[in-house]
Each structure stands twice: as structure tokens, then as C-alpha cells.
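Under this note's numbering, the first residue of the sequence shown is numbered 14, with each subsequent residue one higher.
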Amino acid sequence: MKLVARSETPYDADPMARFRQHLTRTTGLIGTALLLASCQLFETGDQPLTTFEPQSPAAERIDDLFWLVFWIATVVFVLVMGAIVVILFVFRDKKSEDAKEPKQLHGSPKLEVIWTVIPALILAAIAVPTVSAVFDLTECEDGAMVVEVIGHQWWFEYHYPEEDISTANVMVIPVDQPVCAEMTSDDVLHNFWVPALHGKRYLVPGQTTILPLEASETGEYWGHCAEFCGLSHSLMRARVVAMEDSEFEDWVGAQQEPTTLPAEGTPEWDGYQVFLNKACTQCHTVRFDDETASIIIPDEAFNGPELTHFASREVFAGAVLPGSDQTYQQALKNWLANPPAIKPGSYMPNLALTEQEINDLIVWLESNE
Ligand code: HEC
Ligand SMILES: [Cu+2]
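Below, the structure is given as C-alpha cells:
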């Protein structure tokens, strides 16, 4: 084999090589652009995570701030770029006899004052509303309804201390009323982010962070854990449902009630027996109308979502199930068959349930409304 030094085939002498290089570069760029565009596709669709449709006073304030900064930055960008283009043109090298040198300056107090004062004013115009928003947006109004948000790998728990309710995945709130989320984490850092309602805020183990929430419209708001928190971080969604006041009262009333202990011999009874016998009671609280049968996992202990009113939440497993391509029952079947296959690293183990046991469990779980 003959080794050819690079200089022996000069770049210009091989137009094909040049073409190929251009092609690789262009394809790379187009590929990157498409890849980035696809991130956008994932975020919109059924669960839009956009900050541009604010539905609460806090989110509106953040949105206003964004547009203020955006327009200031746009004006600065256009002026600076415009000046560069004009200067490039006016002072280009004209290569002719009559081209004159621009006037040479050294030090100009007037100019220096101008280009210091203008940016200082711009920064002040951005800083004052930003800092005041940052402070206002971390404080809850007096009398706001408190919901404690506890982050777990990989689901959100919601506890209503006044109402004495515990639920998971779906936070239910009354519309047009201030709610104060008092947040913490049971394990690692998480971050609660429901873009239509507020910005992001950390959930820190051993600390309480505050997030004022208020939904201006009834409806569902989607969110996501916004801090990488381990293997299934991408499968940790948040969902907030805002209801009319009367509907909310009904919801609270229903959640406060225990669920019915199945009667012996019913199909629910079989599922309940599987629940009792397959270690489920080590991690899941269920409150029954017969209190002696209730299974209460202490707060300090390792726990999974409370299942007393499991079927009243339309989603489960960090609000990622059921997926858009499956029914509730199919999703539940898959989940019970092998949780870590659905959510890698899941703390709910594969309990090697038989198909019969899974079917029985589903009947019982679906009766817990
Ligand atoms: C070692 C603890 C543990 C055991 C044992 C366990 N689970 Fe779980 N379970 C969890 C955890 C943790 C989650 C939340 C997983 C997630 O979303 O990442 C969960 C989630 C669930 C969910 C979804 C709840 C929701 O609203 O998101 C159901 C239903 C469930 N488990 C049923 C069962 C049944 C039935 C058994 C017994 C066959 C069982 N679990 C055994 C820890 C456990
Ligand atoms: Cu998280």
C-alpha cells in the first residue's frame, strides 16, 4: 500500500471530496435541527407542557416577564445587528484612491457615558420587575388551602392536612382559589412543574419549599418532575385538576370516606385476598369501613401510593399510565405483572403474580373508587 501524504492531494484538486464534506456538514445540521424539532413534538400533543398558555395569576406574571425581556432583547438585537451591518458597509475597504480613513478617536467621555448608562437602564428595567416577581411568587396568601406535596421516586404524593386526605398523582384543587403547596421530598431532589400554573420549584429532602398555586379555569393541567431524579425520572408526571367549589367539596367528602371491605365470596374478596397475601400490605395504605381491617403504613416508613380511592384517579404510576395506546385495564395488568419493566428501577417489585391473581386484583382495585 502506498501512503499518500495529505499535501499530495490538495483539497481544491478534488472537488468531490469537497462536495462530500459539505454534504456531511449539511446533513449533520439538518439532522440536529430535526432532532431538536422533535423535542417540541413530544412536549405538545396530549400533555402540553407550554409556558405560553398561563392559567393562573403566577403563570401570567411569569409570562408577562418573559415577553418584557424578550422584546427588550429583540430591540437590542436589531439595533446592534443593524449597526454592525451599517458599519460594515460604510467603512468597507473601498480599494480606491479617494477612500478616506474614518476619523480615528482615542477616548470619548461622552460616548463612554452613553454606552454605560443605556445598558444600566436596560438592566434596571429587567431587574426591578424580575426581582419583585421572584419574591412575590414564593409567598402564599394567608388563608390559602394547604396541600403538602411529597416527591417520591417516581410519583407525587398529595396530602391535605386540614381535610386529612392522602392521594397520589392527581392533585385536585378548587378553581379560582389560592392554594399553597408545601413541598418536600422523601428521597432525592425532585421538582414540581405545572407550567400553566407556575414556574418550577424544587422538592428538597428535609426542607419545605412553598409554591402558591391558583387555577383560573376548571380543567386538567399537566406537569412533570423537572429535576433528574433517577432512572424513571422521565416517567414522573404531575397532574392538577381544578374543579368548581361544590364539586371539590364532594371530592373531599368522598376521599375522606374509607372504602368498603369486600364481603366474603364476592369477586372483590378474591382480589382482596391476593392483596393481603402478596406483600402488597407492606407498602400500600388502604382504609376500610371496618377499621380493624385497615392497612396503615406509617408516614416515616417506605410507602407506595395510598390505594383507598385508587380507582378515583384516572391515571397511575406517576400519571404515565394508562398510555395513549392502551385501556386502563390493560395498563393495570401490565403494571401488576411487572412494574420495573414499565418504570425502570421501580420500587414496586415484580411479585410474580399469576394471571388469575392479577385479574382478581384488578376487580378489587377498580372497586376502590
Ligand atoms: C416494596 C413496596 C411495594 C410493594 C410490596 C407493592 N407495591 Fe405497589 N407500588 C409501590 C410503589 C413505590 C408504587 C409507585 C411506583 C411508581 O409510580 O413509580 C406502587 C404503585 C402501585 C400502584 C399504582 C398506584 C398509583 O396510584 O400510582 C398499584 C395499583 C399498586 N402499586 C398495587 C400493588 C399491589 C396490588 C401489590 C401487591 C401485589 C403491590 N402494589 C405491592 C410499592 C409497592
Ligand atoms: Cu422526580
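From the three backbone atoms N, C-alpha and C, an ideal C-beta is built for every residue, glycine too.
Inset, instruction - Quick one: using the 10 Å Cβ neighbour count with 16 as the cut-off for buried, is residue 320 buried or exposed? - result: buried
Inset, instruction - Please report the residue range of the beta strand (DSSP E) in which residue 273 lies. - result: Looking at the DSSP string, residue 273 is not in any beta strand (DSSP E), and its letter there is neither H nor E.
Legend entry - Cα-Cα separation, residue 57 to residue 318: Bear in mind that a pLDDT of 47 at residue 57, under 50, signals an unreliable position, so the number given afterwards is only what the model happens to contain. Whole-angstrom Cα-Cα distance: 28 Å.
Inset, instruction - Assuming residue 66 and residue 209 form a contact by the criterion Cβ under 8 Å, report the distance between their Cβ atoms to the nearest whole angstrom. - result: Contact between residue 66 and residue 209 holds: CB atoms are separated by about 6 Å, below the 8 Å threshold.
Inset, instruction - Compute every distance between the C-beta of residue 359 and the non-hydrogen atoms of ligand 1, then say whether any falls below 6 Å. - result: yes
Inset, instruction - For the stretch 169 to 189 and the stretch 222 to 238, state whether three or more C-beta atom pairs, one from each stretch, are separated by less than 8 Å. - result: Yes: at least three Cβ pairs fall under 8 Å.
Inset, instruction - Assuming residue 287 and residue 345 form a contact by the criterion Cβ under 8 Å, report the distance between their Cβ atoms to the nearest whole angstrom. - result: With a Cβ gap of about 13 Å, residue 287 and residue 345 do not count as contacting.
Inset, instruction - Specify the secondary structure class of residue 56 as computed by DSSP and reduced to three states. - result: Annotation note: pLDDT 49 at residue 56 (below 50); position unreliable, no value reported.
Legend entry - Closer than 6 Å: residue 296 CB and nearest ligand 1 heavy atom: True, at least one ligand heavy atom lies under 6 Å from that Cβ.
Inset, instruction - Go ahead and pull the three-state DSSP assignment for residue 370. - result: helix
Inset, instruction - Kindly confirm or deny that the stretch 145 to 152 and the stretch 288 to 295 touch, where touching means at least three C-beta pairs closer than 8 Å. - result: no
Inset, instruction - Just tell me which of 248, 270 and 104 has its CA closest to the CA of residue 336. - result: Residue 248 is the option with its Cα nearest to residue 336.
Inset, instruction - Reducing DSSP to helix, strand and coil, say where residue 375 ends up. - result: Note: residue 375 maps to helix in three-state DSSP.
Legend entry - Same chain, Cβ closer than 8 Å to residue 17, neighbours up to 5 away in sequence not counted: For residue 17, the predicted structure reports a pLDDT of 49, less than 50, and the residue's modelled location is therefore unreliable. The matter cannot be settled from this model.
Legend entry - alpha helix (DSSP H) runs wholly inside the stretch 268 to 342, at least 4 long, in chain order: 280 to 290
Inset, instruction - Give me whichever residues DSSP pairs with residue 233 in a beta bridge. - result: 254
Legend entry - Where residue 166 falls, given that 16 or more other Cβ within 10 Å makes a residue buried: buried
Inset, instruction - Would you be able to state if there are at least three C-beta pairs under 8 Å between the stretch 271 to 279 and the stretch 96 to 108? - result: no
Inset, instruction - Output the residues surrounding ligand 2, defined as those with a CB atom closer than 5 Å to any ligand heavy atom, in chain order. - result: 203, 238, 242 and 249
Inset, instruction - Using only the heavy atoms of ligand 1, determine whether one of them is closer than 6 Å to the beta carbon of residue 351. - result: no
Inset, instruction - Pull up the distance between the alpha-carbon of residue 173 and that of residue 160, whole angstroms please. - result: Looking at the two C-alpha atoms, the distance is approximately 5 Å.
Inset, instruction - Mind reading off the beta-carbon distance from residue 223 to residue 242? Whole number of angstroms is fine, and I expect it under 8 Å. - result: Contact flag wrong, Cβ pair sits at about 20 Å.
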